[in-house]
Structure formats: C-alpha cells, structure tokens
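Trainee: Protein chains in written order, with our numbering: chain A, 12 to 359; chain B, 12 to 359; chain C, 12 to 359; chain D, 12 to 359.
Where is the CB? At the ideal position from N, CA and C, for every residue including glycine.
Just so it is clear, the structure is predicted and the values come from calculations on it, not from any experiment.
Pasting a structure here, questions to come.
4 protein chains.
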Amino acid sequence: MLVVMKHNASKEEIDAVVDTIKEMGYGARAIPGGQRTAVGLIGNDGAVDSGRLLGLNGVLEVIPVTHPYKQVSREWRAENTVVTLANGTRVGSSDVVVMAGPCAVESEAQILDIAHQLREMGATVLRGGAFKPRTSPYAFQGLGVRGLELLAKAREETGLAIVTEALDPEGADLVAQHADIIQIGARNMQNYALLRRAGRTGKPVLLKRGLSATIDELLLAAEYILAEDNDDVILCERGIRSFDTHTRNLLDLAAIPVVKSLSHLPIVADPSHGTGLRAKVIPMARAAIAAGADGLIVEVHPDPPLAMSDGAQSLYPAQFQELMEQIRVIARAIGRDITRPLSGVAVG
Amino acid sequence: MLVVMKHNASKEEIDAVVDTIKEMGYGARAIPGGQRTAVGLIGNDGAVDSGRLLGLNGVLEVIPVTHPYKQVSREWRAENTVVTLANGTRVGSSDVVVMAGPCAVESEAQILDIAHQLREMGATVLRGGAFKPRTSPYAFQGLGVRGLELLAKAREETGLAIVTEALDPEGADLVAQHADIIQIGARNMQNYALLRRAGRTGKPVLLKRGLSATIDELLLAAEYILAEDNDDVILCERGIRSFDTHTRNLLDLAAIPVVKSLSHLPIVADPSHGTGLRAKVIPMARAAIAAGADGLIVEVHPDPPLAMSDGAQSLYPAQFQELMEQIRVIARAIGRDITRPLSGVAVG
Amino acid sequence: MLVVMKHNASKEEIDAVVDTIKEMGYGARAIPGGQRTAVGLIGNDGAVDSGRLLGLNGVLEVIPVTHPYKQVSREWRAENTVVTLANGTRVGSSDVVVMAGPCAVESEAQILDIAHQLREMGATVLRGGAFKPRTSPYAFQGLGVRGLELLAKAREETGLAIVTEALDPEGADLVAQHADIIQIGARNMQNYALLRRAGRTGKPVLLKRGLSATIDELLLAAEYILAEDNDDVILCERGIRSFDTHTRNLLDLAAIPVVKSLSHLPIVADPSHGTGLRAKVIPMARAAIAAGADGLIVEVHPDPPLAMSDGAQSLYPAQFQELMEQIRVIARAIGRDITRPLSGVAVG
Amino acid sequence: MLVVMKHNASKEEIDAVVDTIKEMGYGARAIPGGQRTAVGLIGNDGAVDSGRLLGLNGVLEVIPVTHPYKQVSREWRAENTVVTLANGTRVGSSDVVVMAGPCAVESEAQILDIAHQLREMGATVLRGGAFKPRTSPYAFQGLGVRGLELLAKAREETGLAIVTEALDPEGADLVAQHADIIQIGARNMQNYALLRRAGRTGKPVLLKRGLSATIDELLLAAEYILAEDNDDVILCERGIRSFDTHTRNLLDLAAIPVVKSLSHLPIVADPSHGTGLRAKVIPMARAAIAAGADGLIVEVHPDPPLAMSDGAQSLYPAQFQELMEQIRVIARAIGRDITRPLSGVAVG
C-alpha cells in the first residue's frame, strides 16, 4: 500500500504518516520522488484499512498496490533507478552499459589479457566466475577466492568494475569484499537466504531471472533485496526454459519492455546464456538493445575453444568488437548511446 | 539425400543422375545453384544406398540429409530464396519488407483508408483478414469473400500487395484468386491438406509458426509446400506458448538466426501477435529487425479502440510511422535497408 | 447465457423463452436435464440484456456464462453426456471404455489379426489410422480409403466399433461413411473447417487436445462441434508439449478431473502418444483410470518392431492383456468397472 | 565410470581396484550389490583411460557412464535404494509410504491435533513447514526453530517420523537436529551449498524437483547429495511449470516410471503442490500410486479455510481418510501395499 502525499506536504506531515503506519504494526518507508513524496507501507500480507491514513494532513491518496511486489514497482517510484558503480559507470541511465568477460576466471594471464582487450573495446564492467554453479558435482567449480583476487587485480590494472556470482550467503560476503556487483544466478533467483544476505551487503546486485520464473516472480525476488534497504538492483533476462532444442534457452526479449513498464529497476540482457551458441549471440545482443535493454552481459574469451566452461557460447574478441560497433548505431536509433569507455586511468 | 555435382558437370551427366534416382524408385529434382548443381533425392523415409549414385560421372559427393526436411534446407540450396511479389516487392533480399494492416477487413472505408495511409508511410504489402480463425465459434469470423474483394480493391487503388489468410483447402483457392500471398496461420501450421493445396496454387505462401511448433516442425511444414513444386515460402515467427501471462505469446526472436542458418527461406516477424500488446509491438519490431528478420507483419488500424478484433495489439498510424523511422536506422546498422516505397502508380 | 427454467415449467413456457431469444437476434436451444430444463442463448459475443428474459413465465434465473464456451459446460448441462456407439458401447457412463489397435492400418491380415485378439481381451473399440498426419511429407501417409474399408471389415468380423482419424473436411465425410467415431487429431484441434464438417456428419467425434492447447481452448474447439447440433463429443488428453525429452509428450492427467468439473463431456486418455515409450504406457494408462478417465485409447500392434509407424510406443498383445487386468481392479477401487466385452456376435 | 567386478571377486581384488583409481587421481567407492560388487570412479569430468583398470584381477568390465549422473543411476546400482527412517518406515520398498500434514506448523494445538488424526488414519510420516520459502518477502515465513520443536513434540507423542524443509545451509543443520528427513524444496533444487550441507548431515533428504527441472537435472542434483556419501535420498515429483492456468503446476506423473528406470532412488509424489486445488489432489494422488510412486506427500489441515498458507490445496481429514482407502486398493492392484500403520507406541 502506498500513501501518496500532496505536492506541498511538509516534512512533519510525512513523518506523521510514517509514525501512524508503525503504530498500525507495519513498516514504513518514505520515497522521495521528483514531484512528490510517497510513503510505502511494508509488511502487510493482505488488505489494510486505509481509513486512518486517508484522514491525515498532507495525504493525497492511498493506492492499494495490487501487484504482490511493492518497492520494485513503478507505482512505488516513477523515476528510473540508476545504479552507479565505483568506477562511475551508471546502469539504468540513457547510456547502455556493456559487461563482458569469460565464463570463468581460469588464470591470471587469462583474466588480465581479456580485461585489457575488453577495456580497449569499450566495456566498462568485467564479468568472470570465481564460484561456478555446475549442474554436475563433478564439473569444474571455479577458482574460488583465488578467482576473486584475480578479478580484483584486473580491476586495479584496467579500471573495469567487477561483477561475479555468489552461490551462498557466505559467498555473498566474500564477493562483496572483492567485487563491485554481486551476481545472483538463475538457479538461485529464489534462494531467499542468499537474496537477503546480498541485499544486506549494500553492494549493487545483478539478479538473473530464473529458468522458469515469471516476470512477477523475478520482481518479487528483487523485492527481497530492496526489503533489506538496498535499492541497487540490476535485473537480467538470460533466457527461459522452452521446448525447442536448437538454442540452450529462449531469450525472452519482450520481458525487457514489460519490466520497464512494471518496475523502475534497470534490466540488462545476457545473450550468451540466452542462446548458448556463439553465432546467435551477436544478433540477439543487437535485438536486446533494440528492445530497450539498459545493457548487456556477454561472454568473451581470449580463446573460446580452450575455455574451461561455456566455450561454445563465448565470443572471440574480434566478434565482440564488431558487436560494439553495431549496438552503438542501434542505441542511437532509439535516442540512447553506449557508456563512454574508461579514460586513461588504466595502468596495464 | 543430396547428390552434389561437380562444378563443370554437363547437362547429360545431371540428367543421368536424375534418371538413376527415378529407377531406384524415388523422386528427383535438379537444383541449379550459383556454383554448382545439386540433385535432390525425394521420397525416401530413411537410409538410401548411395553407392550407385557415387559411381556416376560428374558426381562430387552424396550428402545424407540428416535433418528430416530437405528442400527447405541450406544443404539443399545455399543461396537465400527471394520471393518476388506481383508489385515488385522482394522478400528475402537485403531489403527489409514491411507488411501492415488491420487484423480484419471490416468495411470498404476502413480498408481503403488504412491502405492509403500505410502506402504513404512506406509499407509495400497490405495485410487484413477476410476469413478469421477464432477460438470461439461465436466470435466475428470475418467478411469472407467480400473481404477478399475489398482487399483487391485496395490493391488496385494503392499498388500494395495483399496477404490474407486461408483457413481450408477451398479457401486457399479463393485467396489465391484475389491475393498476392496466401497466409497460413499458426493454428493451421500442420493442416497438411491446406499446406498442399496452398502449395499447388503456385502463389507465395506466408507460413506462420505454430504455437508450440519446434523450428524443425516449422521447416517440415514448409517442406509440404515445396514438395508441391512451390518454392515461394515466407516463414513467420509470431510467438510461441509459454508460461508468463504478461504477454499473449512469447516472441522467439532467436528463431530468426536459427532459421537463417538452417534454411534458405526468408523469415519475417509478427510482433503484434507475438506480444498482444500495443506498447510492446514497437520495441519487439525493432528487435526483430536487429536480429536479422527479412521483414515485419504488423497490425495497424485506423482507430484501434473500434477494431472488431485484436484492437489491443493494433498500432495507431502515427505509431507505425515512428516505427518505420526507427527500423530504417536499425536496418542500416546491419547493412540492410527498408524496401523502397511504391512510386506514383497509385490512383487513390 | 443460460436461462434456467423452474422445475415445473410447461412446454409452452419453454417455447416462449426460445422464441424470445430468437426475436432478440440470437440462437436458442432447449437442454432437457434430469431436474429441469435450461435454454441456452447462442451467438452472443458479449453481454446480453437479460431483463426481458427474466420477466417471462417459468424462468428461474439467468446465468451469465462467464467461460467463453457454453454448450460444453457443466453450467449448461449438469449431467454427464454419454456417447453411445453403434455396437452399444457407452462412453461417459460409469463403465470405462478401452479403445485399442495399431497406429496405422497396414494390411488386411494385420488389422484382422489384432482386431480379433483385442476383442478377446476385452476392448470394445478398434483404433487404426487410414489417413496419417505425418510431420514429414515424405513419411508413410496411410492406406487411405482402402484402410477405411479394412477397418469396416474388421468391424463386421468382430463387432468392435471403429475410431479413425479424418484430416480434412472431405475426409470427415469419408470417415463418417465407414467408421463409428471420427477422430480429430491434436494437430487439427483448431482446424475449424474440419471441426464443423465432422460435427455436421452427426457421428460421434473423438477430439484430441492440441499439443499446446489450454483446457479452455480444448473446450472451445469442442464447442465448434456442439454448435453444429452434435453433442456426441469425446475429449482426449494425449500429452502436451513440455521441455523434458525423456518422453515424447507430457501426459497431463490433471486435465481429466479439471475437464470433468468444467464440462459434461466424457474424456479419455491416450498414454501411447502421451509418453511415446512402450514401457511407460502401462503405468500411465493405470494412472489415467485412477485419475478418473472415462476410457483409454491405446496403441497395440501384433508385432511392434515391424510397425510402419509409432512402433516404439505400441504395446505387445500380451502387455495389453496385463493392462486390462490391472485397470479392472483400479476402476473398481473408485466405484467403476470396465465395459463388458462384446458377446458372441463375432463371426471371425 | 563403473568398474564391474566378477561375481567371485575377492575383497583383495576389490581393494586393488579402489587403490588404483585413487592413484589415478580420482575418487573410488565400492558398491556392493546382490550379484556382484562394482567400483565407481568419481571425479572425472570427461573421458578416463580405462586400460589400466581392465587389466586388474577380478574385473569383469568397465562401463562408461554416459549419463552425466553416476551414483544415482541404475547402471551404478541395480537394486532399489530403500531409505529407512528412525521409526522403521521404509521408503522405496514394496510398501507405499504416506507423508501428510499441514503446509506450515502454526501452533502446538494445530500440529498435535493433526498429527494424532493422521497417525490414526495410517500416515507414518508427518510433514509441516517451520521455515517457509515464500515468493513474497512480506508473506508468513513460518515459526522457525519453534516450529521444529513443535514437530519434535508431535513425533514424541505419535511416533510419526518428521519431514520438514531447510532453506539454507545453517537451516539444514538445524533441521537435521530435530527432524527425520530434511526436505529441499523445488526453488532450492539447484542450491548446491544447501544440497552439500544436507548431504553431510547424514540424514535422509527429500529432494523436490524444480519447477522447470528436467529429470536429468533432478538426478544431477541428487548426485550432489550422494557425492557427500549420503545415499538416503528420496526424490519427489511436485509439478512443473506449464501454460495452463487451471492448475497451479503440472504434475508430471510419467516422471515416476522414467526415474524408476534411470535411478535406484525412491520417488514420491506431491499432489498438493502438483495441482494446488483440493478437489484435484485425491484423483492425482490415486494416479501417482497407479503410476508406481513409492509414496505420497500430501497437505492435510485440521481446518483448511483457516490455514495460514496453502489452504486451498489442503485436504480435510475426512478426505484424507477416503484417500487412504482408495490407494490401498490401487497399491494392491499392482502388487504393492501401504506401509502398516504405527502400532501402540503413541502416547497422546
């Protein structure tokens, strides 16, 4: 439930609404907006008697939030959320952000080599798995903490921000120490202990849509993070399960405009996992930008055939360069641009 | 099975291959290509002993066609098929074709009005249903033959080519008399009697992917048409069934590059049925072009709230105009263009 | 919309309701039930002003039919529809009906052999395809009219009723001449021309659920047949499309109790197409009966490895016999039984 | 990879195989079977040179395990795994086990009341959530540790074994202290940290299939638990995501015979979550037994309309009693029975 204040409501009036909600036994959170402030009522699992709130000074109206999610919704906050990373990259602005890198951190040489190449080509965020969730317990599970340290070193040398996945609550704390964005993978989209812990770190969180998650379920999972007072959530469409076997998953690009209409959170697309096939990554990456995505997260490996995981869906560096050129034109066709490349700070 | 001839094979050598295949009890069809001719062996439902064919003069190799489809495959014909319509529009060339119009023909005034508008904005093909397949037997089923006549009149006035749906074999003959392209809808993708009859008319056929059809099944359905010696098939991705209810269907844009790699046939996208929501049509139309579609088929109605069917997914003319401008830029970003508008022949 | 008459309404009162509905421009159909008669209003595509009807003598209430289907719904008719075949088999009664036979009629010897075996084991309906819908145009398409004649001969010899598929409107007329039940396959569930023509023959129709059809869509397809004044429709759950590849389709047994609550029509299950694997047919056939199915339609072949189609999912006769014994016990566990075997009329 | 020993291989020969595998750098685990012992090679992510092993005394053959799972597969162990609970209930034997109880533990009175009723009616395992995974962060999340204590009290009074869900690794340890079976829910099927921790507790684990998990993925998730040297895994089919909205999920009963052929682990069905509708629970529970399930896990609440969660899918106690009677007959139809009720030990 959302208590919308009048345009000229005073701070005292807003505070009174907050206090009243708390007296009623719920949580309250003031949401300053461009035009007016709203106060969100948190913690009700059903109908709330709004009569008492409607009677307070400065209250314009009380909107029952019919969707099960609240803080993530555009009803709750009309302006786009922009997540600003430590290196200045802003996700959710009019500039499209490109995150790229290998599926997994494999060695110091590998991650530094690709990081430098990607920076030159205009990526501003480096992806790379240190902890890998693998369907089989016998598959390569990543370098762990050593992988995090190598990512941190790559950031030091290139200025790229780091996004990497956490698999469990302890992992979230570890990733938060080394990275700029904590990634929560598709398999863990409803791992609530992990969502809460990632939320509490205060770091930006990249939340991937589960393989069979509805858009409402994705937004409700994000709500778990915002409920920890962490608004810096970046959603990610990465393909859902369907019946055709030509592609690994089915990249649901319509989810992008749908999410944009329902929520103020930024959304990026992952055409690598979304298709599973190198040759389909570029057309689908272009399509994601044309559909309005706020960014891409793409797998690029210095030598895909040698990749320890997901080689079949990793781009060659030269393909990534071509992609950057195409999406720049497409972004401009719809009044956007690609984030400016990082300037001279890099050492390497 | 495909018998690939040497570059310099003579006509006599090719004829000998055709004759031998027929003696073996199968059909044969020569496929002239840019580089060399191939001879397709038709009618085998499993393994064929290729030894006898490999021994003939002029034969380079025999390729077992592992996919269950044959004539539609790139193995069978490497060059893109270009379907040329009566008004000169070429589907499958480097130019992107835009087909637009109302869900259903409702009246003479409606169809002529929108046809003129669309022609001015650059569409070259007019869509509009005369026979409507409706989930409920009690819903509006279209104007029937009168609808076909009105479409023909719109063509006469504007020069736009006409695409409209046939629902049964008799309907295919009727549509062939009045229209330029016979549309076969998603519900009828595996209506084999209809596919065969449409193929036999010799007219171009727009074949929509069924709601739960795999890409292989779509190509096999097209094979039914090509098996009638009609190569002028345009495939259409129009959304498949999935579990999220925010959109009517799930537009599977990855099907576009997948089809392009498997088949020589052109493929267009229908973002109107693919999303079911006006506000999502434009971003998904842009995305389809970015993904490499050869064209769009889009619902546009002069007054969507008054539409007798599918009003919620029909664009306003002004939205269509904006879309045309955006996709022109996107097409150029990938080295294509939009088909040139029809020149002064129009009367209206 | 349904006009429910009072318990003691006279024939004149009912006729007056029918006449009034026709004056209003809609169709009307009286539905006699055990307790009371209702009059269905047909042909409205939206709201109808019920005031005039409520004012007539003998009218108890007017129920807006909220589901898009009408005549198929339990609101429209509370009692189960029982479809009685020419050989006395009743589908939809408390007795479970077993339909069995090969995928396709292959030869006189094959169909007569299996028909006699199945009759001895207790089946009362013989299935067998004369016209086969095949995904590939190059696959075996059935014996056609010769197949129909062989089925008729098998009926003559054994007394088994015949169910066989029609693929197009002309085929529906042909099948109606030779068979007891016209089967409409999953691919044709929304082939409206075929549904209408099959309905008009007046013969019982077995309507299979489409591969991605919702239950509402299945019922609406049945509505097309009932709208032709043919109530003898038997629904069939035969598996829907899903993502796991261990089975050919996903047999949705919950559809059985769902359909039973929404509709008065009988529903049978096809565990052969529903699983595609011989070893899974028996457990799923048992499960279907336990879930409340009114019958089974099962593929049995005298020699499955030699079958011209669907051999992998055809039972051996001995397996079918074992199945019959198991489902007899299960049917009794829920207060039903298996239809009595045909008595001494057989000649063969 | 599986090293199959000869029938009369000595303990020394088996030990030599184990030692050799360890020298090769992999894990080894001897699997005694009824006929012969096999030694599993663990930890290879691809091909292993089997030459050295084939040369050892007592080795019959080396089977490459082609499925990505190993220890869970029937190739690895032919005999059914039977999981024996502390109260003597055996899951996976010829007796069908019934687990029942409310969605959530709500109060001492509620859980003791229903536990006593269920025990009288023949259940041998009590279900009840203490930690509830909820799609919305604002929904009732369970009583937590207090809920575990109440379940333990119910066990003390009734002798029923306890199954309850753990949501995170710490929770697995907590649940292991109080319950007999640790449940891992559908949302957490690929929460590998949780799977590993649950495995390490040594307690039996009930692993639910994820909403869009293939059967191979379910088995691979179970493999994570067996890889921790814990063989006591009970699989659970609880419905997958599909497109029809009449039921909450689509209960995939064919998964039961498929799992039985691929794996030696027991599998039970959850018709409550599988349908989400009280009226469909009973037919689908019967169907699951008919399909060969080793048991059921069913929601029963003393007063469903007052349930704090999932009331719509909870049976009334009287319905549960009727279900017990029906499934007893069905189990016997296929040569099984229902586990004998607990005898006089109960205090309450």
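Mapping the DSSP letters down to three states, classify V76 (chain B) as helix, strand or coil.
Mentor: Note that V76 (chain B) has pLDDT 48, beneath the 50 cutoff, so the model's placement of it is unreliable and the number below is only indicative. V76 (chain B) falls in the coil class under three-state DSSP.
Trainee: With the cut-off set at 8 Å, would you say E167 (chain A) and H189 (chain A) are in Cβ contact?
Mentor: Not closer than 8 Å, so no.
Trainee: Identify every run of the alpha helix (DSSP H) within the segment 230–278 of chain C, keeping only runs that are complete inside it and at least 4 residues long; order them along the chain.
Mentor: You should have 266–273.
Trainee: Measure from the alpha carbon of I123 (chain A) to the alpha carbon of each residue in A:G103, A:A163, A:L276, then state which is nearest.
Mentor: Here residue 123 (chain A) turns out to be Leu, not Ile, going by the sequence shown. Per the Cα distances, A:A163.
Trainee: How about the segment 97–105 of chain C and the segment 169–180 of chain C: do they share at least three Cβ pairs that are nearer than 8 Å?
Mentor: Flag = yes, the segment 97–105 of chain C and the segment 169–180 of chain C touch.
Trainee: What is the rounded straight-line gap between the Cα of G359 (chain B) and the Cα of H127 (chain B)?
Mentor: Summary for G359 (chain B): the model assigns pLDDT 39, below 50, so the residue's position carries little reliability, and this model does not support an answer.
Trainee: Let me see if you follow: with CB-CB separation under 8 Å, is V76 (chain C) close to chain A or not?
Mentor: The predicted position of V76 (chain C) is uncertain, since its pLDDT is 48 and thus under 50; no value can be drawn from it.
Trainee: Just reading off the alpha helix (DSSP H) that D184 (chain A) is part of, what are its end residues?
Mentor: Segment 180–189, the alpha helix (DSSP H) holding D184 (chain A).
Trainee: According to DSSP, simplified to helix, strand and coil, what is K214 (chain D)?
Mentor: In the structure shown, K214 (chain D) sits in coil (DSSP, three-state: anything other than H, G, I, E or B).
Trainee: Measure from the C-beta of S274 (chain B) to each C-beta in chain D and report whether the shortest distance is under 8 Å.
Mentor: Answer no: the Cβ-Cβ gap between S274 (chain B) and chain D never drops below 8 Å.
Trainee: Just to confirm before moving on: does the CB-CB distance between R40 (chain D) and G51 (chain D) stay below 8 Å?
Mentor: Contact flag set, yes.
Trainee: Three-state secondary structure (DSSP) at R289 (chain C)?
Mentor: If DSSP states are grouped into helix, strand and coil, R289 (chain C) belongs with the helices.
Trainee: With DSSP as the reference, label T350 (chain B) as helix, strand or coil.
Mentor: T350 (chain B) falls in the coil class under three-state DSSP.
Trainee: For a contact meaning CB atoms closer than 7 Å, what does D263 (chain D) contact in chain C?
Mentor: Simply L261.
Trainee: Do we get a CB-CB distance below 8 Å when we pair D184 (chain A) with the residues of chain D?
Mentor: False, the Cβ-Cβ gap to chain D never drops below 8 Å.
Trainee: With a floor of 3 residues, list each beta strand (DSSP E) that falls wholly inside the segment 126–183 of chain A, ordered by position along the chain.
Mentor: With a minimum length of 3 residues, the continuous beta strand (DSSP E) runs that stay inside the segment 126–183 of chain A are 136–138, 172–176.
Trainee: Output needed in chain order: residues of the segment 141–155 of chain A with a Cβ under 9 Å from some Cβ in chain D.
Mentor: Within the segment 141–155 of chain A, the qualifying residues are P144, R145, T146, S147, P148, Y149, A150, F151, Q152.
Trainee: Can you name the residues of chain C whose CB is closer than 8 Å to the CB of G11 (chain B)?
Mentor: Any answer about residue 11 (chain B) is impossible in this case: the structure gives chain B only from 12 up to 359.
Trainee: Taking D26 (chain B) as the reference, give the member of B:P313, B:S61, B:V116, B:L67 with the closest Cα.
Mentor: The residue with the shortest Cα to Cα distance from D26 (chain B) is B:L67.
Trainee: Going by other Cβ atoms of all chains shown within 10 Å of its Cβ, with 16 needed for buried, is P316 (chain B) buried or exposed?
Mentor: It is exposed - the Cβ of P316 (chain B) has fewer than 16 other Cβ atoms within 10 Å.
Trainee: Using a Cβ-Cβ cutoff of 7 Å, what residues of the segment 95–115 of chain A are near chain C? List them in chain order.
Mentor: Against chain C - using a Cβ distance shorter than 7 Å - the segment 95–115 of chain A contributes no residues.
Trainee: So the candidates are C:G287, C:H275, C:I195, C:S21; which of them puts its Cα closest to the Cα of A141 (chain C)?
Mentor: Nearest of C:G287, C:H275, C:I195, C:S21 to A141 (chain C), Cα basis: C:I195.
Trainee: On the criterion of 16 or more Cβ atoms from any shown chain inside 10 Å, does Q201 (chain D) qualify as buried, or is it exposed?
Mentor: So Q201 (chain D) counts as buried.
Trainee: From the beta carbon of S118 (chain C), is the nearest beta carbon of chain B less than 8 Å away?
Mentor: So no, S118 (chain C) is outside the interface.
Trainee: Could you tell me whether the segment 111–121 of chain B touches the segment 303–315 of chain B, using the rule of 3 or more Cβ pairs below 8 Å?
Mentor: Yes, they touch.
Trainee: If I measure Cβ to Cβ from T77 (chain B) and keep anything under 7 Å in the same chain, skipping five residues before and after, which residues do I get?
Mentor: Low confidence applies to T77 (chain B): its pLDDT is 49, below 50, so where it sits in the model is not reliable, and the reading given next is rough at best. Nothing meets the Cβ criterion.
Trainee: Is it buried or exposed for E72 (chain A), if we count other Cβ within 10 angstroms and need 16 for buried?
Mentor: Flag for E72 (chain A) reads exposed.
Trainee: Using beta carbons (cut-off 8 Å, strictly below), is Q201 (chain B) in contact with chain C?
Mentor: It does; some Cβ of chain C falls within 8 Å.
Trainee: Restricting to Cα atoms, I'd like to know which of A:H18, A:R47, A:L13 is closest to I32 (chain A).
Mentor: Per the Cα distances, A:L13.
Trainee: Verify the CB distance criterion: does P180 (chain A) have a CB-CB separation below 8 Å to chain D?
Mentor: It does; some Cβ of chain D falls within 8 Å.
Trainee: On a CA-only basis, which of A:S21, A:F331, A:V109 is nearest D348 (chain A)? Give me that one, please.
Mentor: When each option's Cα is compared against that of D348 (chain A), the closest is A:V109.
Trainee: Based on Cα-Cα distance, which residue from D:P282, D:W87, D:I236 lies nearest to L267 (chain D)?
Mentor: The identity of residue 267 (chain D) in the sequence shown is Ile, whereas the question assumes Leu. If we check each option's Cα against that of I267 (chain D), D:P282 comes out closest.
Trainee: Under 8 Å, with one C-beta from each stretch per pair, do the segment 241–251 of chain B and the segment 232–241 of chain A reach the 3-pair mark?
Mentor: Too few Cβ pairs lie closer than 8 Å, so no.
Trainee: List, in order along the chain, the chain C residues whose C-beta lies closer than 7 Å to that of S223 (chain B)?
Mentor: Within chain C, the residues near S223 (chain B) are L222, S223, R252.
Trainee: Decide if D240 (chain D) is buried, meaning its Cβ has at least 16 other Cβ atoms within 10 Å, or exposed.
Mentor: D240 (chain D) comes out exposed.
Trainee: So, under 8 Å CB-CB, R297 (chain D) and A209 (chain C) are touching, yes? Tell me the CB distance rounded to an integer number of Å.
Mentor: 33 Å between Cβ atoms; not a contact.
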